[in-house]
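**Q** Start counting the sequence shown at 1; every next residue gets the next number (my numbering). Ideal Cβ placement from N, Cα and C applies to all residues, glycine included.
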Amino acid sequence: NIFIGSYPEISYANLTRRSIPKNTDGTWTIEEPDNLTDLLKRGLKDVSLSNEVNAGPLRKFRISAAEVMHQPGVQTFGFVVEESTPPRKIDAAKATELGVKPGTKYKLLKNGFPVMSDDETKEIRPEQVLTDTISPRKFAIVGDNSKISLALAQLCHNADVLVHEATLVGKDAEEKAQKRGHSSATTAGKVAQKVHAKALVLNHLSPKLLSEEIDVLLQNAEKSNCGVSQIAAAFDFMELWVPRGGYNFE
C-alpha cells in the first residue's frame, strides 16, 4: 500500500504524507484556497488572495478527488483541479459615487466581498460596482477505470478539460476494456457528455496504435459524445492552453 508502506523511490525531501478525511459527499479535498475571512483578520495590507492574476506560485487551487471503479481491491481515484473565481472588473466611478474611493477596499470588492463606505455609514456590495463575471477554469483527470462514481461525475461537471482513458480499439473493445477494469473511447465519450465537459482528451493509448486506429478511437468517442465536447487524442508532453474564463466553443 503506497499510503502506508515505505517506498524509497518516491521519497523526496519536500514530500510529506498526511491523512485526508472523506467528505460526506464521497469526495476528498486535497487542497483548497485559504479561508478569506481568516485572511482578512490579518488586515487588508497583508492579504494575498489566491485568485489574484499576478500571484504567481502563491496562487492556490481547489484540488478534489473521488473514487472510480478499476480492479477489485485496488482503490483508484480521479482528480479535479479548479481555480478560484477570478477577480472581476470594478466600475470606479460608480464605487466612488457610492462612497468608496480607489484604494485597498477595491481589492475586496473585486474578489466578491462587501465593504463599508469610506464614511462607515453603509455597506457596498460587489454586485453594485462590478461590471462582469469570469468563470473559474476546471481540469479533470481520470486514470484507469471502468466506471466513474457519481461523486466524481459531480466534481467533473462543466470541466474545461476532461482527460479520460481510452485503452482499447477494435472489435469488442468496450467489452474487453470493462473486463480488464478499463474504458473504451466510446465510454470516455459518454462520460464527457454526461458531465458536460467542454474538451475531452483521450489518454492511456497504446504506443503500438497506428494513426488510423487513433482516428477510429476519436470517431468512437465523437459518436457517443453527441457533439457535447471537442475531442482530441493525447500524446507525450502535450500542452493545452485554456483561456481565462475557460473554453467557449459556441
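A93 bridges to which residues according to DSSP?
**A** None, per the DSSP bridge assignment.
**Q** Our contact map puts V80 next to A159 with C-beta atoms below 8 Å; I'd like the distance itself, whole angstroms only.
**A** The Cβ separation is near 7 Å, so the contact holds.
**Q** Looking at C-alpha atoms only, which residue of A65, Y247, K101 is the closest neighbour of I90?
**A** With distances taken between Cα atoms, I90 lies closest to K101.
**Q** Distance check for T104 and G227, CA to CA, integer angstroms please.
**A** Answer to the nearest angstrom: the Cα atoms are 46 Å apart.
**Q** In its own chain, which residues sit with a C-beta less than 6 Å from the C-beta of V169, not counting the 5 before and 5 after it?
**A** Contacts found: E213, V216, L217.
**Q** Give the single residue among E174, L155, E165 whose Cα lies nearest to the Cα of H196.
**A** For H196, the nearest C-alpha among the options comes from L155.
**Q** Once DSSP output is grouped into helix, strand and coil, what is the label at V163?
**A** If DSSP states are grouped into helix, strand and coil, V163 belongs with the strands.
**Q** In three-state DSSP terms, what is I134?
**A** Reduced to three states, the DSSP call for I134 is coil.
**Q** Distance check for S146 and Q178, CA to CA, integer angstroms please.
**A** Spanning the two alpha carbons is a distance of roughly 5 Å.
**Q** Roughly how many whole angstroms lie between the Cα atoms of S19 and S64?
**A** Looking at the two C-alpha atoms, the distance is approximately 14 Å.
**Q** What's the C-alpha gap between Q219 and A13?
**A** Distance between the alpha carbons of Q219 and A13: 45 Å.
**Q** Measuring straight from C-alpha to C-alpha, what distance separates F113 and T76?
**A** Using only the alpha carbons, I get a separation of about 38 Å.
**Q** Pair every Cβ in the stretch 116 to 125 with every Cβ in the stretch 20 to 32, then say whether three or more of these pairs are closer than 8 Å.
**A** They do not touch, by the three-pair rule.
**Q** In the DSSP assignment, the alpha helix (DSSP H) including T187 goes from what residue to what residue?
**A** Its alpha helix (DSSP H) spans residues 185 to 195.
**Q** By how many angstroms is the C-alpha of G181 removed from the C-alpha of N203?
**A** Near 15 Å, if we compare the C-alpha coordinates of G181 and N203.
**Q** Quick one: what's got a C-beta closer than 6 Å to P126's C-beta in the same chain, skipping five residues either side?
**A** Excluding residues within five positions, the ones whose Cβ falls inside 6 Å are L109, G112.
**Q** Measure how close the beta-carbons of G73 and L152 come, nearest whole angstrom, since I'm counting them as under 8 Å.
**A** Actually they are not in contact, since the Cβ atoms of G73 and L152 sit about 19 Å apart, beyond 8 Å.
**Q** According to DSSP, simplified to helix, strand and coil, what is E250?
**A** Coil at E250, not helix or strand.
**Q** Quick check on DSSP: helix, strand or coil for V129?
**A** If DSSP states are grouped into helix, strand and coil, V129 belongs with the helices.
**Q** In angstroms with no decimal places, state the Cα-to-Cα distance between A173 and L209.
**A** The alpha-carbon atoms of A173 and L209 are separated by roughly 14 Å.
**Q** Does S149 come out as helix, strand or coil in the three-state DSSP assignment?
**A** Looking at S149 - three-state DSSP - the assignment turns out to be coil, as it is neither helix nor strand.
**Q** Can you name, in chain order, every residue of its own chain whose Cβ lies under 7 Å from the Cβ of S149, other than the five neighbours on each side?
**A** The residues are G26, A66, E67, V68.
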